[in-house]
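Residue numbers (my numbering), protein chains in the order written: chain X, 371 to 781; chain D, 36 to 322.
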């Protein structure tokens with residue numbers, strides 16, 4: 371009996387240690403040999419620390435950003451790789467799983483550089499990207515951040531990191547300009563989580579709303595995990611808010627929508643800046659139809675290079691939100707590879723200088739970094755319709771897609 | 036206080052009662068503080084999700100399958116892993132359930148990924164008028180389910196031979212063994228029953244809210260608050276305690292805004308322990 375007990379305790383301890391884990395590495399990524407038949411004379415490595423597991427992880431192999439990185443690496447090698455000192459080198463991607471742990475991410479950014487000998491990195495997503503900045507600057511690691519609004523970053527002047535994405539402060543004015551073309555009362559409700567980023571978004575949205583002549587009649591800053599939105603719904607309904615702007619975590623939006631429907635609050639426009647950009651949004655069925663979220667890419671937006679080809683490359687993704695994340699990752703590697711080609715060197719100063727001099731068309735549009743190492747990508751307004759997100763504004767980007775008004779999900 | 040605040044709070048409290056009932060019975064009968072109870076709740080939601088994905092059934096139809104599934108997982112864990120730890124004091128079992136909680140979260144993340152899920156139901160977003168107040172129909176359904184589960188649990192414990200065996204094993208397991216009660220079996224079946232009740236709570240949480248791999252901790256904390264209010268192992272007071280937490284939260288949201296929703300839960304938890312550790316609603320005798 372004692373042995374069984376000891377065995378059980380030991381098993382639990384092992385399970386606990388295994389579940390907590392340590393600094394484990396995922397398999398080093400790498401692309402298939404180039405289809406052009408080019409003979410490579412070596413390899414050049416880039417790396418990334420990503421939350422493959424943990425709170426922000428999607429399970430092994432399901433990360434759309436990684437899929438984008440890998441496709442870009444594959445395409446670079448298919449077109450002959452990177453030439454350095456007269457040698458054709460195969461681009462290799464090294465991926466590390468930081469288990470959604472910021473401390474582990476920091477360790478991995480260092481170890482990718484010092485142990486794995488990567489010459490450059492594509493930055494971690496979410497707020498991890500900000501935390502990686504001091505490390506990449508101190509170790510002089512040329513880094514391109516992937517998928518974070520550029521105005522949330524500090525100045526990158528004299529640093530080694532670069533960011534190319536939309537500005538969060540462009541979203542609200544564009545949305546309000548768009549909404550103003552419809553018969554919507556100029557009364558808005560703002561509902562956000564109370565973390566610093568969401569609060570900043572809410573503050574920016576309120577300022578833009580007031581500039582556009584909208585009155586903020588109801589607002590709430592709520593902790594993640596909130597399930598009772600009755601007070602703000604009641605306020606918004608009683609004061610006639612016909613536009614609702616939410617900056618809530620993905621777990622908070624479904625109960626909000628259900629409660630709005632149950633309490634018969636039917637705003638005409640529902641903008642879901644964060645939760646509307648998760649691939650699982652359509653799981654809510656009809657409730658999800660009609661929500662607006664900002665896009666930076668869609669296969670139907672004219673003028674975006676290679677949009678159709680990339681849509682086919684990421685055809686297995688559940689919807690265009692997931693594909694957009696992949697294309698965002700693709701761009702980051704594309705920019706890095708372009709700089710490595712122009713530098714024709716692995717020297718960090720030369721790569722850094724090449725990154726700063728970037729000026730060309732990439733998959734999210736033109737990229738030219740300013741003095742702060744930022745490039746602003748144009749946003750578009752998208753709307754979820756029948757389980758897929760489509761561009762609806764500006765009109766020239768919407769093409770055949772029409773904005774469905776009022777919000778269908780709560781009808 | 037506006038009537039809709041009170042009614043909404045009472046109905047929402049049904050979910051807390053369902054979440055806390057299994058936890059309370061586990062502590063009262065097995066003397067096991069199950070840190071993985073939140074993961075059992077979420078496991079029930081995922082089990083129902085898996086069934087609904089394949090069949091398109093309503094969550095209430097999938098609920099018995101989810102309950103059986105979680106009971107089937109819980110039974111061998113208690114019988115072959117936790118029982119001897121439990122019989123020799125609570126500490127080792129507590130640590131073991133802590134590990135099981137991590138394991139559960141990792142399993143959910145690996146199989147179902149991190150995106151939040153909902154259990155689709157025709158009444159999930161519908162409203163209803165209760166006593167002249169507009170409320171979410173899903174919470175009315177949850178309240179009914181919680182009431183039925185509570186009544187069924189009370190009847191089993193107080194009017195059946197199995198219930199008598201559970202009460203005997205809870206009161207004095209060693210004497211119960213001497214009297215011929217297979218305490219290992221009783222404990223395992225009780226643990227399975229607590230998992231089944233938790234699974235029912237998970238299904239209703241999936242209908243009324245959303246859930247993800249790490250949703251269990253919030254539900255577990257709410258469960259502890261209810262147990263602290265109600266006292267350990269008491270079925271009726273646990274139900275009332277759940278309603279009380281629901282009302283307190285509803286009032287806090289109404290008066291101070293949504294940011295104080297969780298403050299109320301933790302405040303109630305600590306005040307209950309400070310004023311009357313056996314439970315504000317108990318008579319001072321535990322199961």
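Idealized CB from N, CA, C, for every residue including glycine.
| Asked | Found |
| --- | --- |
| Please classify residue 209 (chain D): is it buried, with 16 or more other beta-carbons within 10 angstroms of its beta-carbon, or exposed? | exposed |
| Does the stretch 723 to 735 of chain X come within contact of the stretch 702 to 710 of chain X, defined as at least 3 CB pairs closer than 8 angstroms? | yes |
| State the beta-bridge partners of residue 642 (chain X) as determined by DSSP. | X:616 |
| For residue 623 (chain X), which residues from the same chain have a beta carbon less than 7 angstroms from its beta carbon, with the 5 sequence-adjacent residues on both sides left out? | 616, 642, 645 |
| Within 8 angstroms of any Cβ in chain X, is that where the Cβ of residue 153 (chain D) sits? | yes |
| Taking the C-alpha atoms as reference points, what is the distance between residue 220 (chain D) and residue 188 (chain D)? | 18 angstroms |
| Go through the stretch 64 to 90 of chain D residue by residue and report every complete run of the alpha helix (DSSP H) that reaches 4 residues or more, in order. | 72 to 90 |
| Please say whether residue 258 (chain D) and residue 58 (chain D) have beta carbons closer to each other than 8 angstroms? | yes |
| What's the call for residue 177 (chain D), buried or exposed, on a 16-neighbour Cβ count within 10 Å? | buried |
| Could you spell out the range, first to last residue, of the beta strand (DSSP E) harbouring residue 466 (chain X)? | 457 to 467 |
| Is the stretch 281 to 298 of chain D touching the stretch 102 to 112 of chain D in the sense that three or more CB pairs, one from each, lie closer than 8 angstroms? | no |
| Under a three-way DSSP split, which group does residue 38 (chain D) fall into? | helix |
| Step through the CB atoms of chain X and report whether any lies within less than 8 angstroms of the CB of residue 288 (chain D). | yes |
| Between the stretch 51 to 83 of chain D and chain X, which residues of the former have a C-beta closer than 9 angstroms to a C-beta of the latter? | none |
| Looking at chain D, which residues of the stretch 571 to 603 of chain X have a Cβ within less than 8 angstroms of any of its Cβ atoms? | 590, 591, 592, 593, 595, 596, 597, 598, 599, 600, 601, 602 |
| Are the beta-carbon atoms belonging to residue 546 (chain X) and residue 579 (chain X) less than 8 angstroms from one another? | yes |
| Can you name the start and end residues of the beta strand (DSSP E) that residue 777 (chain X) belongs to? | Looking at the DSSP string, residue 777 (chain X) is not in any beta strand (DSSP E), and its letter there is neither H nor E. |
| With residue 434 (chain X) and residue 692 (chain X) assumed to form a contact (beta carbons below 8 angstroms), what rounded beta-carbon distance in angstroms separates them? | 5 angstroms |
| Quick one: what's got a C-beta closer than 6 angstroms to residue 47 (chain D)'s C-beta in the same chain, skipping five residues either side? | 174, 281 |
| With a threshold of 8 angstroms between beta carbons, is residue 344 (chain D) in contact with chain X? | Outside the displayed range of chain D (36 to 322) lies residue 344 (chain D), so it cannot be described from this structure. |
| Answer with yes or no whether the minimum CB distance from residue 634 (chain X) to chain D is below 8 angstroms. | yes |
| Could you run through the stretch 160 to 173 of chain D and flag, in chain order, every residue whose CB is less than 9 angstroms away from some CB of chain X? | 160, 161, 162, 163, 169, 170, 171, 172, 173 |
| Could you compute how far the alpha carbon of residue 559 (chain X) sits from the alpha carbon of residue 587 (chain X)? | 6 angstroms |
| Compare the C-beta of residue 655 (chain X) with all C-beta atoms of chain D and state if any pair is closer than 8 angstroms. | yes |
| Any beta carbon of chain D sitting closer than 8 angstroms to that of residue 627 (chain X)? | yes |
| Mind checking who residue 736 (chain X) pairs with in its DSSP beta bridge? | X:731 |
| DSSP puts residue 664 (chain X) in a beta bridge; with which residues? | X:751 |
| When Cβ atoms are compared, which residues of the stretch 293 to 307 of chain D fall closer than 9 angstroms to chain X? | 293, 294, 296, 297 |
| At which residues does the beta strand (DSSP E) containing residue 419 (chain X) begin and terminate? | 413 to 420 |
| Roughly how many angstroms separate the alpha carbons of residue 570 (chain X) and residue 164 (chain D), rounded to a whole number? | 38 angstroms |
| Using Cβ-Cβ distances below 8 angstroms, what residues of the stretch 485 to 501 of chain X are close to chain D? | none |
| Quickly, what does DSSP pair residue 783 (chain X) with across the bridge? List them, please. | There is no way to answer for residue 783 (chain X), as the model of chain X reaches only from 371 to 781. |
| To test your reading of the DSSP string, which unbroken alpha helix (DSSP H) runs of 4 or more residues are found completely within the stretch 114 to 195 of chain D? | 118 to 122, 125 to 147, 172 to 194 |
| Which value, in whole angstroms, describes the spacing of the CA atoms of residue 528 (chain X) and residue 781 (chain X)? | 52 angstroms |
| For a test of the three-state rule: what should DSSP assign to residue 507 (chain X), helix, strand or coil? | helix |
| Can you tell me whether residue 589 (chain X) is helix, strand or coil according to DSSP? | strand |
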